[in-house]
Every structure is written in C-alpha cells, then in structure tokens.
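Before any comments, here is the structure.
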Amino acid sequence: MNKRYFKSDHHTYECQKTEHTCIDSIPLFQSLSAEQKEKIHSLIQHKHYSRGETIYRPGETADSLYVLKSGKIRVYRLSDSGKEQLIRIVTQGEFTGELALFKKGIYEAFTEALTDCSICAIKHADFRELLLQYPMMAVEMLATISNKLGISEQQTAWATTETVRDRLLHFLISLVDSKEIEPIIELKMAKKDLASYLGTTSESLSREFARLEKEGLIEEIAYGKIKLLHFSSY
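If you want it as structure tokens, here you go:
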C-alpha cells in the first residue's frame, strides 16, 4: 500500500492513497464523482488528536478546513472572566474552521478533542479552488453554514431571553426527528457541555432535569437518552 508521511510540530500524519473513507463518508463530498474524489484525496492531510488535545485556539492563523473522520470535538469560547461558552459539538462527517475560509484571518474559538479523533485537513487555498471547480459542493457547504448560523442565533436568543427551564425544553424539542407521541432523543454531549451550551451551570441544569422529570414531562430512560412524555401537548 502506498503511503506518504509528513510532519508538523506535534503530529506525524499518514496519507494512504488507497484509503478514501475520509472522503467517502463525508456528506460534503457526496456530489462528486470517483475521479473528482481522487483529485481531492491528494490535498488531504490526515491528522490524529488524542482526547483532551487542542486542535486550534484563538489567535492562531486560520489556514485549514477540518473535517472530522471519526470521534467528537467541541468548539467553545472563553469570556474575559474565564467563563466557558460551548458553541457546538462536531461529530463524524461534520467540519469546522470554515469561517475564515474566504479571507485570511485568525481562529476566534478553541477546538478540543472530546475523544480520540481522526481529522481530514484541507488548506483553505486548496479548498477555495475546489469550490470553484465543483459548484455543487459550494452549494452544499453554504447550506451547512447557513444551518449553523441559524442554530447560533437560536442559542443566543435562548441565553438572553428565556429561563433555564425554557432553554432546556426548547433544546430537547429541537432534537426531535419523529412523529411519535413520546419520542426518545439522544443527547450528543455530556450534561456539563449542555450546561455550557445553554449558558447555565451544571447544578442549575441538573435541577431543571429533575424538575421536568418530577412534573412528568420527561423520563431519562438511560444516560443521555430522554423520552419526551406527552410531547403532543408541548
């Protein structure tokens, strides 16, 4: 099997020409033909990060798009007082680092590996060329960015206008992708991360979970799995 190796300050990366799962498993590239994917594969740097490792931080030059091949990472900011605000959790097939794609800039948030992660990195200059060559990929990426912006605006509205109880209820409802009367949803983040995302403390969030369960609105059937009771009346 042909392999190419290259190094950075902290990692050694291995690129295997015959392994295309980095592209094949990512929705962003699904509109491309096999030949087009082959061309993109040569531009990808395969990186591995261990759990707890920082991928990028504020002040660093933003020069790459990071697509998550496996694992889970979190993107967050720190206020001047040191308070953490979770922006989003990035899961397999999703990407981050796109906000500086169309201009030179610096990263404005921290990105940390929540688990051991495999990441496909593409330099911004190379990716801009790809978007010019393959317009459908640009359309799909803009749709994803638009969705992220909508979620970010919703998060800001929750944090500034609603109680912790309402934020939690609206967040749980936003995860429902079913017409079942009592849908079961799965949290994709730890409760401490959810507290940060909703702009509250772990203690306050735990109290609200307990209160909603006592009121018969939710039931935690397993860790991270929540059944929404009487959902049709919400």
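With the first letter of the sequence shown counted as 1, position 61 gets the number 50 in this note's numbering; the numbers rise by one all the way through.
Ideal Cβ placement from N, Cα and C applies to all residues, glycine included.
None of these values were measured; they are calculated from a predicted model.
### Query
Is G60 helix, strand or coil when you go by DSSP?
Position 71 of the sequence shown, counted from the first residue, corresponds to residue 60. G60: coil per DSSP, three-state reduction.
### The beta strand (DSSP E) enclosing A98, as first and last residue numbers
As a working note, residue 98 is residue 109 in the sequence shown. Careful: A98 lies outside any beta strand (DSSP E) and carries neither H nor E.
### Between the CA atoms of R63 and F84 - distance to the nearest angstrom
In the sequence shown, the residue the question calls residue 84 occupies position 95. In the sequence shown, the residue the question calls residue 63 occupies position 74. Whole-angstrom Cα-Cα distance: 11 Å.
### Message
Is E192 close to the ligand ZN? I mean its beta-carbon at under 6 Å from any heavy atom of the ligand.
### Response
Absence of the ligand ZN from the depicted structure is noted, as is the absence of any ligand whatsoever, leaving it without description.
### Query
Which one of S107, S70, I173, K203 has the shortest CA to CA distance from K58?
Counting from one through the sequence shown, the residue named residue 58 turns up at place 69. With distances taken between Cα atoms, K58 lies closest to S107.
### Message
Quick check: F99 and R46, are their CB atoms within less than 7 Å of each other?
### Response
As a first step, residue 99 must be located in the sequence shown, where it is residue number 110. As a first step, residue 46 must be located in the sequence shown, where it is residue number 57. For F99 and R46, yes; Cβs fall inside 7 Å.
### Query
Hey, would you say K177 sits closer than 7 Å to I78, going by beta carbons?
As a working mapping, residue 177 is identified with position 188 in the sequence shown. As a working mapping, residue 78 is identified with position 89 in the sequence shown. Contact flag set, yes.
### Task
For my contact list, Y123 and Q25 are in at a C-beta cut-off of 8 Å; report their separation, rounded to the angstrom.
Reading the sequence shown from its first residue, position 134 is the one you call residue 123. Reading the sequence shown from its first residue, position 36 is the one you call residue 25. The Cβ separation is near 6 Å, so the contact holds.
### Message
For I162, count the other beta carbons within 10 Å of its own beta carbon; 16 or more makes it buried, fewer makes it exposed. Which is it?
### Response
For the purposes of this step, residue 162 is taken as residue 173 along the sequence shown, with counting starting at 1. Burial call: exposed.
### Query
Quick one: what's got a C-beta closer than 7 Å to T104's C-beta in the same chain, skipping five residues either side?
Sequence index remark: in the sequence shown, residue 104 carries index 115 (1-based). R40, G60, K61.
### Own chain, CB closer than 6 Å to A110, minus 5 neighbours either side, in chain order
Here residue 110 is taken as the residue at index 121 of the sequence shown, counted from 1. These residues qualify, in order along the chain: Q34, K36, S53, Y55.
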